[in-house]
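These notes are about the structure you will find just below.
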Amino acid sequence: MTPEERLAEMIRDCVDHEVLDVTLPAGFAERIAARAHGRRPWRSPRIQWSIGLAALATAAAITAGAGLPRPPADPPVAAEPAAEPRELDGRVRIEEFPQAADEGWVQSDPREDRQVWTTVRRLEGHRHPVRVYVFSGDVTLGGIASEYRDTAKAAGWRSVPSASRGEAVTWTEVGRRHVVLQSEPGLVVYVVTADVDLAWSVRIAEGVSVR
Amino acid sequence: MDEAEADFTRFVRERGAGLLRFATALTGDRYRAEDLLQAVLERAYSRWSKISHRGDPEWYVRRSIVNAAKDGWRGDHRRNAVIARLGTEDEGVYLPFDEYVTRDAVRRALRGLSPGQRTVVVLRYWEGLSEAETAALMGVSVGTVKSQAHRAMKALRTSLELVEEPLAGHAGRRS
Chain S
371 MTPEERLAEM
381 IRDCVDHEVL
391 DVTLPAGFAE
401 RIAARAHGRR
411 PWRSPRIQWS
421 IGLAALATAA
431 AITAGAGLPR
441 PPADPPVAAE
451 PAAEPRELDG
461 RVRIEEFPQA
471 ADEGWVQSDP
481 REDRQVWTTV
491 RRLEGHRHPV
501 RVYVFSGDVT
511 LGGIASEYRD
521 TAKAAGWRSV
531 PSASRGEAVT
541 WTEVGRRHVV
551 LQSEPGLVVY
561 VVTADVDLAW
571 SVRIAEGVSV
581 R
Chain U
9 MDEAEADFTR
19 FVRERGAGLL
29 RFATALTGDR
39 YRAEDLLQAV
49 LERAYSRWSK
59 ISHRGDPEWY
69 VRRSIVNAAK
79 DGWRGDHRRN
89 AVIARLGTED
99 EGVYLPFDEY
109 VTRDAVRRAL
119 RGLSPGQRTV
129 VVLRYWEGLS
139 EAETAALMGV
149 SVGTVKSQAH
159 RAMKALRTSL
169 ELVEEPLAGH
179 AGRRS
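Chains as they are written, first to last, in my numbering: chain S, 371 to 581; chain U, 9 to 183.
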């Protein structure tokens, strides 16, 4: 590695760390819309009119002795419920992780709707550390991948790559290999390697399990 | 909620976290980045129908973030001053000592760059953009990107070397 490459690696590592825990505050979109609109969010005049008309209709029906109008039955909901965050700290096992010459650090990062388990290890014979992130909770492969700018860039910033359960999204950027794998709903594994081949990187991601 | 408002909200929910990371990388300050992103999105919101019909709203927003960051957008000075007193963001996070020292030195060096230089460095070395892509996003020439990157890397090398000297001198005085 040349001094220039080493400096670039240090910059990437520093900025990676700076943005690692950055998440969007709750209600950010609504706050912007409300500020830009100069009114309370999601209370459009059209909705207020509809609420007023519904109240008038209800009052008229009660006055006429017809009782409360029965609301129409809700259509069946097909969406799956959000996955609850799983306890990750101390429960993550990496089956395919080869003999580690230098163990790094482990950090549990509980959040409102997900947990992130992080480890960095240096493989024997490899100069670069292997970074493993495990996300648990209301997360999807596309969602996690889109949070990392590399995937967005690989897709030309235009779309998030889609992948089904069990599939992986992989890409290479400036010598670093990235693998994002959804092993099960609500559990996403993200592995970053440098001088490790793609097959091994994928095996490491596939070898992550939560006891 | 009209169609544009719904589309805007969906966009921010889906892409907002990535955009906030991007703004944080460019500014080096997550709170300033949040204010910057909010200001950019508020401006975009008022023209959202037009922006989204062009077909690439994210590119537009990213470019707006870059323009704001490279010009040294500061946001609310009072808020930043208060946040600065709260301590470093690494408090409570345990890292190997050498990793922490290296990262801290690089962070300080990056903060010593001008906003334009930091923008070039982040786009080139963190985002992995080519010189041409960086120039397009910043709205400058490729030559400007080259010269900014050259000066920034030189400054970083100098700054990181300067960090090591006082440490060595300090150790010598103690022994």
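The C-beta atom is built at its ideal place from N, Cα and C for all residues, glycine as well.
This structure is a prediction, so every number in the text was calculated from the model and none was measured.
Quick one: what does DSSP say P123(U) is sitting in, helix, strand or coil? As a position in the second sequence, residue 123(U) is number 115, starting the count at 1. In the displayed model, P123(U) falls within a helix according to three-state DSSP.
Bridge partners for S506(S) per DSSP, in chain order? Start at 1 with the first residue of the first sequence, and residue 506(S) comes out as number 136. According to DSSP, S506(S) bridges with Q485(S), L557(S).
Are the Cβ atoms of V550(S) and I514(S) separated by less than 8 Å? Here residue 550(S) refers to the residue found at position 180 of the first sequence. Here residue 514(S) refers to the residue found at position 144 of the first sequence. Yes, these two residues count as a Cβ contact at 8 Å.
D10(U) versus E42(U) - alpha carbon distance: Taking the first residue of the second sequence as position 1, residue 10(U) is located at position 2. Taking the first residue of the second sequence as position 1, residue 42(U) is located at position 34. Between D10(U) and E42(U), the C-alpha separation is close to 26 Å.
Contact test: P373(S) Cβ vs the ligand MG heavy atom, cutoff 7 Å: Annotation note on the ligand MG: not contained in the displayed structure, which lists no ligands.
Do you know offhand how far R21(U)'s Cα is from M161(U)'s? Position 13 of the second sequence, counted from the first residue, corresponds to residue 21(U). Position 153 of the second sequence, counted from the first residue, corresponds to residue 161(U). Distance from the CA atom of R21(U) to the CA atom of M161(U), rounded to whole angstroms, is 35 Å.
Just mark T372(S) as buried or exposed, buried being the case when its beta carbon has 16 or more other beta carbons within 10 Å. Residue mapping note: residue 372(S) aligns to position 2 of the first sequence, counting from 1. Flag for T372(S) reads exposed.
So L44(U) and A33(U) are supposed to be a Cβ contact under 8 Å. How far apart are they, rounded? For this step, residue 44(U) is matched to residue 36 along the second sequence. For this step, residue 33(U) is matched to residue 25 along the second sequence. Wrong, their Cβ atoms sit about 12 Å apart, outside the cutoff.
Residue of R126(U), G24(U), E169(U), A144(U) minimising C-alpha distance to H158(U): As a position in the second sequence, residue 158(U) is number 150, starting the count at 1. The candidate whose alpha carbon is nearest that of H158(U) is R126(U).
Buried or exposed for D79(U), going by 16 or more other Cβ atoms inside 10 Å? The residue labelled residue 79(U) in the question sits at position 71 within the second sequence. Around the beta carbon of D79(U), a 10 Å sphere encloses fewer than 16 other beta carbons of the protein chains shown; the residue is thus reported as exposed.
Between V462(S), D567(S), R491(S), which lies nearest to S553(S) when the distance is taken from Cα to Cα? Sequence index remark: in the first sequence, residue 553(S) carries index 183 (1-based). It is V462(S) whose Cα lies nearest to the Cα of S553(S).
Would you mind stating whether L28(U) and V69(U) have Cβ atoms separated by less than 8 Å? The residue you call residue 28(U) lines up with position 20 of the second sequence. The residue you call residue 69(U) lines up with position 61 of the second sequence. Not a contact, by the Cβ cut-off of 8 Å.
First through last residue of the alpha helix (DSSP H) which encompasses R23(U): The sequence position of residue 23(U) within the second sequence is 15, counting from 1. Taken as a continuous stretch (DSSP letters only), the alpha helix (DSSP H) holding R23(U) covers 11-35.
Do you know how far the Cα of L493(S) is from the Cα of F505(S)? In the first sequence, counting from the first residue as 1, residue 505(S) sits at position 135. In the first sequence, counting from the first residue as 1, residue 493(S) sits at position 123. The straight-line gap separating the alpha-carbon atoms of F505(S) and L493(S) is approximately 22 Å.
Considering only C-alpha positions, which residue in the set E66(U), A76(U), R51(U) is nearest to T35(U)? On the second sequence, residue 35(U) is found 27 positions in, with the first residue counted as 1. Just measuring C-alpha positions, the residue of E66(U), A76(U), R51(U) sitting nearest T35(U) is A76(U).
Start-to-end residues for the alpha helix (DSSP H) that takes in R70(U): By 1-based counting over the second sequence, the position of residue 70(U) is 62. Membership of R70(U) in the alpha helix (DSSP H) is indicated by the continuous run 65-78.
Using the Cβ count rule (16 or more neighbours within 10 Å means buried), how would you classify H61(U)? What you label residue 61(U) is simply residue 53 of the second sequence in a count that begins at 1. By the 10 Å Cβ count, H61(U) comes out exposed.
Decide if P395(S) is buried, meaning its Cβ has at least 16 other Cβ atoms within 10 Å, or exposed. Sequence index remark: in the first sequence, residue 395(S) carries index 25 (1-based). Within a 10 Å sphere around the beta-carbon of P395(S) sit fewer than 16 other beta-carbons, which makes this residue exposed.
Within the continuous alpha helix (DSSP H) that includes R159(U), where are the two ends? Your numbering for residue 159(U) matches position 151 in the second sequence. It spans 150-182 - the alpha helix (DSSP H) in which R159(U) sits, taken as one unbroken run.
Local Cβ density within 10 Å of L145(U), reported as buried at 16 or more and exposed below that: Translated into positions along the second sequence, residue 145(U) becomes position 137. Counting Cβ neighbours within 10 Å, L145(U) comes out buried, since at least 16 surround it.
Continuous alpha helix (DSSP H) stretch holding R376(S): start and end: Counting from one through the first sequence, the residue named residue 376(S) turns up at place 6. Judged by DSSP secondary structure, R376(S) falls within the alpha helix (DSSP H) whose first and last residues are 373-389.
Going along chain U in order, which residues have a C-beta closer than 7 Å to the C-beta of D383(S)? As a position in the first sequence, residue 383(S) is number 13, starting the count at 1. Ordered by position in chain U, the residues that pass the 7 Å Cβ test against D383(S) are R111.
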